[in-house]
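Trainee: This note's numbering applies: residue 24 is where the sequence shown begins, and numbers increase by one. Don't be surprised by glycine CBs; every beta carbon is placed ideally from N, CA and C. It should be emphasised that the depicted structure is a prediction, and the values quoted were computed from it without experimental measurement. Below are the structure tokens for one structure; questions will follow.
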Amino acid sequence: MTEQPKILVTQKVPDPAYPLLEAIGDVEANMEEGVIWPYEELLRRGPGHDYIYSLLTDNIDASFLEACAASTPRLQLVANMAVGYNNIDVEAATRLGIAVSNTPGVLSDTTADLA
């Protein structure tokens, strides 16, 4: 039997996400509403995870990605729950073979409703 992938959720996300994540992997999550881990905490916790579920306020820079790429298991994906990805060093991720995703268009309907 293969080991489940390790998933780090850096901030509290909507409750329906947790059972979906737990169905595919071993989840370590920041469950505290409104608490953003400081960079040092991210750097301590990040290495050793296959996937990281981040938010726009998380600084996913080259040093963080390099630490995660050098660990076992090796980081494969940073999934950013944000329209943009300015918080992620995409160039470093590409160089290290780490995929990056975001949620483009997630605010389109809301923006249209306000217009």
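Determine the closest residue to Pro28 out of Glu51, Pro39, Asp38, Ala40, with distance taken between C-alpha atoms.
Mentor: With distances taken between Cα atoms, Pro28 lies closest to Glu51.
Trainee: Would you tell me roughly how many angstroms separate the C-alpha atoms of Asn125 and Leu79, rounded to the nearest one?
Mentor: The alpha-carbon atoms of Asn125 and Leu79 are separated by roughly 10 Å.
Trainee: Using the Cα positions of Val106 and Asp84, report the straight-line distance between them to the nearest angstrom.
Mentor: So the alpha carbons of these two residues sit roughly 18 Å apart.
Trainee: Quick one: residues in its chain with C-beta nearer than 6 Å to the C-beta of Asp49, no 5 flanking neighbours on either side, listed in chain order?
Mentor: Once the five neighbours on either side are set aside, the close Cβ partners of Asp49 are Gln27, Lys29.
Trainee: Is it the case that the Cβ atoms of Tyr62 and Leu100 are separated by a distance below 8 Å?
Mentor: No, they are not a contact pair.
Trainee: Buried or exposed for Leu98, going by 16 or more other Cβ atoms inside 10 Å?
Mentor: It is buried - the Cβ of Leu98 has at least 16 other Cβ atoms within 10 Å.
Trainee: Span of the alpha helix (DSSP H) holding Val123?
Mentor: Taken as a continuous stretch (DSSP letters only), Val123 belongs to no alpha helix (DSSP H), being part of the beta strand (DSSP E) at 122-124.
Trainee: Please state if the CB of Pro96 and the CB of Gly120 are separated by a distance shorter than 8 Å.
Mentor: Result no, Cβ atoms of Gly120 and Pro96 do not sit closer than 8 Å.
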